[in-house]
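Engineer: Take this structure, written in structure tokens, and hold onto it; I'll ask about it next.
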Amino acid sequence: MAGSIDRVTKAAADAGLDIEIRRMGASTRTAEEAAAQCGCTVAQIVKSLVFQGQASGKLFLFLVSGSNQLDLAKAAALTGEPLERADPRQIRDETGFAIGGVAPIGHLIAIPAFADKTLLDFDRV
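Each residue of the sequence shown is one higher than the last, beginning at 3 in the numbering used here.
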């Protein structure tokens, strides 16, 4: 776990981001649970969703507001290929994180990322 936290902290510093890493005492498996733990709105929670290209097998990261759902057709249009659920082992191998705990930064291998523009409505997510 410390290695993951160190990677995220370093990636944030390298990007000039001022972040606060919080360890949660209770479940944060849903955006609602995470918002309750953080004391923020569900919309301020960033869900890191990883899909893979059906043809290329390449991973793609989608950062989505906790109050929104990913539109798979729009996501596929952004990547230029149909998408499918990513293999959990590939996610861990390329990001260094398990499904359900993929950070938006600090991956082992750079992955193309797309962000939900509604996240820009907030000073802090």
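The beta carbon of each residue, even a glycine, is placed where N, CA and C say it ideally should be. Treat the numbers as computed from the prediction; the structure is a model and nothing was measured.
1) By DSSP, does Arg87 sit in helix, in strand, or in coil?
2) Considering only the beta carbon of each residue, do Phe64 and Arg87 sit closer than 8 Å?
3) Provide the residue span of the beta strand (DSSP E) that contains Ala78, from first to last.
4) Less than 8 Å between the beta carbons of Ala45 and Thr97, yes or no?
5) Once the 5 residues before and after Ile111 are set aside, which same chain residues still bring their CB inside 6 Å of it?
6) Where does Leu122 fall in DSSP's three states?
7) State yes or no: is the C-beta of Val66 within less than 8 Å of the C-beta of Leu51?
8) Checking 8 Å against the spacing of the C-beta atoms, do Phe62 and Gly68 come in under that value?
9) For a test of the three-state rule: what should DSSP assign to Val10, helix, strand or coil?
10) What first and last residue would you give for the alpha helix (DSSP H) that runs through Gln39?
11) Just curious, the beta strand (DSSP E) that Leu61 is in, first and last residue?
Structural biologist: Quick look at the numbers:
1) Here residue 87 corresponds to residue number 85 of the sequence shown, with the count starting at 1. Arg87 falls in the strand class under three-state DSSP.
2) Looking up residue 64 in the sequence shown gives position 62. Looking up residue 87 in the sequence shown gives position 85. No, they are not a contact pair.
3) Here residue 78 refers to the residue found at position 76 when the sequence shown is read from its first residue. Annotation: Ala78 is outside any beta strand (DSSP E); the continuous alpha helix (DSSP H) that includes it extends over 74-81.
4) Walking along the sequence shown from the start, residue 45 turns up at place 43. Walking along the sequence shown from the start, residue 97 turns up at place 95. Contact flag unset, no.
5) Taking the first residue of the sequence shown as 1, we reach residue 111 at position 109. Answer for Ile111: Glu96, listed in chain order.
6) Sequence index remark: in the sequence shown, residue 122 carries index 120 (1-based). Looking at Leu122 - three-state DSSP - the assignment turns out to be helix.
7) As a first step, residue 66 must be located in the sequence shown, where it is residue number 64. As a first step, residue 51 must be located in the sequence shown, where it is residue number 49. Yes, the Cβ-Cβ distance between Val66 and Leu51 is below 8 Å.
8) Taking the first residue of the sequence shown as 1, we reach residue 62 at position 60. Taking the first residue of the sequence shown as 1, we reach residue 68 at position 66. No. Outside cutoff.
9) For the purposes of this step, residue 10 is taken as the residue at position 8 of the sequence shown. Secondary structure at Val10: helix, using DSSP grouped into helix, strand and coil.
10) In the sequence shown, residue 39 corresponds to position 37, counting from 1. Element bounds for Gln39: 33-40.
11) For the purposes of this step, residue 61 is taken as the residue at position 59 of the sequence shown. Note, Leu61: beta strand (DSSP E), 61-67.
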